[in-house]
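Student:
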Amino acid sequence: MLEINAGVVMRKRVQRILIGLMVLLSCVSRAGSEGQWERCSWAVDNSDRKAQCMRVSLPLDYGRPELGAVELAVKRRSGSRASRAQLWLVHGGPGSSAVSAIEELAFGLQSTRPEIDLYAVDHRGVGTAAALRCPKTRKGSRTSQNQFRAADWNSCIAELQARSGSELPYLTTTNSARDLGVLIERFRRPQTPVYLLGVSYGTYVLQRYLQLFPDQPSGVVLHGIANPLSSPIAGYERSFNDIAMALLDLCKRDPRCKTRFNERDPVEVGRSLVARLNSGHCAATGFDGAKWRELLATPLMRRPTQEIFPALVFRLDRCSADDVSRFKHLAQVIESFEEDESAESPLLGLHVAVSEMFADADDLVTLQAAAATYLAAPGLEPALAGAAGLWPAYVADELVGRWASYDGPLLMLQGALDPATNALEARGVGAKYRGQHQHWIEFPNGGHVLLGDTPLANGDDCALRIYKDFLDEPRKELDTTCASSVLPLDFEGSCDVSRFLLGTPDAWGDPKSSKCRR
């Protein structure tokens with residue numbers, strides 16, 4: 039990893055380690071003119087003009103085009119060599135902007151596969167002008183969006199209804215999936231293969247897309263997989279806590295990590311903290327139990343931050359003056375990524391989730407009671423439950439909760455340590471798609487992001503290698519044996535990651551014995 043020594047590098051580092059749980063990007067390039075490609079920035083906070091942007095208008099309701107149009111942003115980067123394929127990048131959230139994050143979602147393919155043209159399109163309800171927001175309510179509330187009160191939600195909904203009310207029923211997963219297929223048909227070149235990569239909620243969108251356009255793609259990659267037959271967000275809090283405990287169990291089995299706990303059982307330390315945090319442990323931070331759960335959930339998404347999770351638990355148990363200072367620093371870093379005037383829209387995520395991804399969830403009282411028994415939980419389910427009875431949800435259509443009939447090339451990448459799209463549910467997708475040239479690959483040490491986060495001893499990255507092999511020849515048998523050779527988690531952690539999140543390179547708070555990875 040590069041040293042964090044400049045603003046651009048810092049922004050890239052933050053995107054790499056915190057993608058998926060919070061709004062990552064606070065600056066986007068111009069979307070371009072309606073129906074016309076214009077030069078725009080490829081990289082965030084840059085004026086490199088290596089990409090092209092366009093705004094496109096599509097029917098608000100494909101069945102009733104007279105109702106008007108919705109505007110979407112599209113970005114592309116043509117390969118530096120003669121084009122042999124297109125790759126369409128579909129972001130998650132719901133509510134994340136693929137146009138903003140195209141550089142991150144490319145995972146270096148602009149350099150390693152320069153013959154592939156890269157495309158990104160935002161979901162409906164995402165984009166600098168189109169994003170669902172209630173800025174007045176957000177500005178007036180002293181709580182995070184995950185802790186909005188009923189009065190906040192009522193105010194937010196009224197604000198949205200005034201700004202975007204007529205569009206809300208049409209900001210659906212199915213319509214976003216249809217948009218994708220329509221735009222691919224518009225921009226594809228004759229006889230040119232088209233591939234798609236979906237990450238997180240993007241995998242949910244792509245499975246809907248495959249119901250509508252099963253014959254369009256030459257190959258599809260699902261990365262961090264949502265099961266369309268379950269309610270993907272039901273059980274979200276429990277999943278984060280399960281991964282927290284799984285990491286502490288791995289620490290227990292790692293001699294050096296266990297030694298850091300002075301031979302105490304890391305799992306038991308974590309369990310004992312739950313009641314103590316609810317009773318005011320480490321009060322000098324000013325955090326209550328709910329705040330601690332949200333704070334401890336943040337590092338659980340990706341390998342570089344998962345590696346310092348046991349250290350956070352150790353320091354929280356100890357709660358020295360220096361530990362308090364480090365946790366306050368961590369909270370400030372996380373809060374700096376709260377929603378701003380960017381293209382991201384967590385409210386679109388809420389809109390989609392309440393409408394079609396949360397049907398089997400428990401009620402608010404039950405969720406709050408369960409959360410009080412967890413060490414780490416992001417607070418998303420209680421937030422959705424608090425809003426569900428008030429929110430103007432759309433009616434789930436006939437495609438919700440169904441499989442696609444797709445027998446083309448498919449690569450499925452899943453981490454066993456993924457808290458956001460948990461492996462237990464994701465395995466159902468792998469069991470469904472078992473045809474020729476369809477591959478399920480599960481990484482035992484993998485988190486929510488796998489591409490670039492599955493290191494091998496020789497310096498290569500396993501998931502990236504398999505991904506690029508698939509894009510090269512999707513109908514060729516893949517060598518997936520490296521999945522069992524991914525390096526174990528290093529619980530000393532990266533010096534750079536710790537320095538950024540905690541303000542010190544030593545995650546454990548013991549500089550004399552620090553062995554952080556440089």
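All you need for our numbering is the position in the sequence shown, starting with 1, plus 38.
Don't be surprised by glycine CBs; every beta carbon is placed ideally from N, CA and C.
(1) Going residue by residue through the stretch 178 to 245, where are the continuous alpha helix (DSSP H) segments of at least 4 residues, counting only ones entirely within it?
(2) Could you pull out every unbroken alpha helix (DSSP H) segment of at least 4 residues lying fully inside the stretch 481 to 545, listed in chain order?
(3) Along the alpha helix (DSSP H) that carries residue 553, what are the first and last residues, could you check?
(4) To the nearest whole angstrom, what separates the beta carbons of residue 132 and residue 387, a pair I think is in contact under 8 Å?
(5) Using the rule of at least 16 other Cβ atoms within 10 Å of the residue's Cβ for burial, across every protein chain shown, is residue 101 buried or exposed?
(6) Below 7 Å CB to CB, which residues in the same chain sit around residue 136 once its five sequence neighbours on both sides are set aside?
(7) Does the pairing of the stretch 454 to 471 with the stretch 105 to 115 give three or more beta-carbon distances under 8 Å?
(8) For residue 157, which of helix, strand or coil comes out of DSSP?
(9) Using only the alpha-carbon positions, how far apart do residue 173 and residue 207 sit?
(10) Given a cut-off of 7 Å on the beta-carbon distance, is the pair residue 338 and residue 327 in contact?
(11) From what residue to what residue does the alpha helix (DSSP H) around residue 370 run?
(12) State the DSSP-derived secondary structure class of residue 248, mapped to helix, strand or coil.
(13) Of all the alpha helix (DSSP H) runs that stay within the bounds of the stretch 389 to 435, which reach a length of 4 or more residues?
(14) Would you call the CB atoms of residue 347 and residue 285 closer than 7 Å?
(15) Mapping DSSP to helix, strand and coil, what is residue 95?
(16) Can you tell me which of 355, 521 and 394 puts its alpha carbon nearest to the alpha carbon of residue 265?
(17) Would the stretch 233 to 247 count as touching the stretch 362 to 370 if we require 3 or more Cβ pairs under 8 Å?
(18) Could you please give the first and the last residue of the uninterrupted beta strand (DSSP E) stretch that includes residue 344?
(19) Which residues in the same chain have their Cβ closer than 6 Å to the Cβ of residue 117, if we skip the five residues on either side of it in sequence?
(20) Give a yes or no on contact between the stretch 192 to 201 and the stretch 431 to 438, applying the rule of three or more CB pairs nearer than 8 Å.
(21) With a 10 Å radius around its C-beta and 16 neighbouring C-beta atoms as the bar for buried, classify residue 214 as buried or exposed.
(22) How would you label residue 124, buried or exposed, when you count the other beta carbons within 10 angstroms and need 16 or more for buried?
(23) Among 342, 354 and 442, which has the Cα closest to the Cα of residue 325?
(24) Exposed or buried, residue 557, counting other C-beta atoms within 10 Å across all chains shown (16 or more means buried)?
(25) Touch check for the stretch 243 to 263 and the stretch 433 to 446: three-plus C-beta pairs under 8 Å?
(26) Look up residue 109 in the DSSP assignment and say whether it is helix, strand or coil.
(27) Rounded to whole angstroms, what's the CA-CA distance from residue 95 to residue 254? Just pull it up for me.
(28) If you reduce the DSSP assignment to three classes, tell me which class residue 281 lands in.
(29) Could you say if the stretch 214 to 229 and the stretch 412 to 431 meet the contact criterion of at least three C-beta pairs nearer than 8 Å?
(30) When you compare only the Cα positions, how much space is there between residue 305 and residue 475?
(31) Pick out whichever of 171, 205, 278 and 202 has its Cα sitting closest to the Cα of residue 190.
(32) Under the rule that 16 or more other beta-carbon atoms within 10 Å means buried, what is residue 150, buried or exposed?
(33) What residues in its chain sit with their C-beta under 6 Å from that of residue 271, if we drop five residues either side in the sequence?
(34) Mark residue 415 as exposed unless 16 or more other C-beta atoms lie within 10 angstroms of its C-beta, in which case mark it buried.
(35) Measure the CB-CB distance between residue 547 and residue 344 and report whether it falls below 7 Å.
(36) Kindly examine the ligand NAP and report whether one of its heavy atoms sits closer than 6 Å to the Cβ of residue 482.
Tutor: According to the structure data:
(1) 188 to 202 and 211 to 225
(2) 500 to 510 and 533 to 540
(3) Segment: none, residue 553 is in no alpha helix (DSSP H) and carries neither H nor E.
(4) 4 Å
(5) exposed
(6) 127, 128, 129, 143, 158, 159 and 160
(7) no
(8) strand
(9) 21 Å
(10) no
(11) 359 to 373
(12) helix
(13) 402 to 409 and 418 to 426
(14) yes
(15) strand
(16) 394
(17) no
(18) From DSSP, residue 344 is part of no beta strand (DSSP E) but of the alpha helix (DSSP H) over 341 to 344.
(19) 152, 153, 154 and 155
(20) no
(21) buried
(22) buried
(23) 354
(24) Nothing about residue 557 can be reported from this structure: the residues present for the chain run from 39 to 556 only.
(25) yes
(26) strand
(27) 21 Å
(28) helix
(29) no
(30) 41 Å
(31) 171
(32) exposed
(33) 391, 395 and 396
(34) buried
(35) no
(36) Absence of the ligand NAP from the depicted structure is noted, as is the absence of any ligand whatsoever, leaving it without description.
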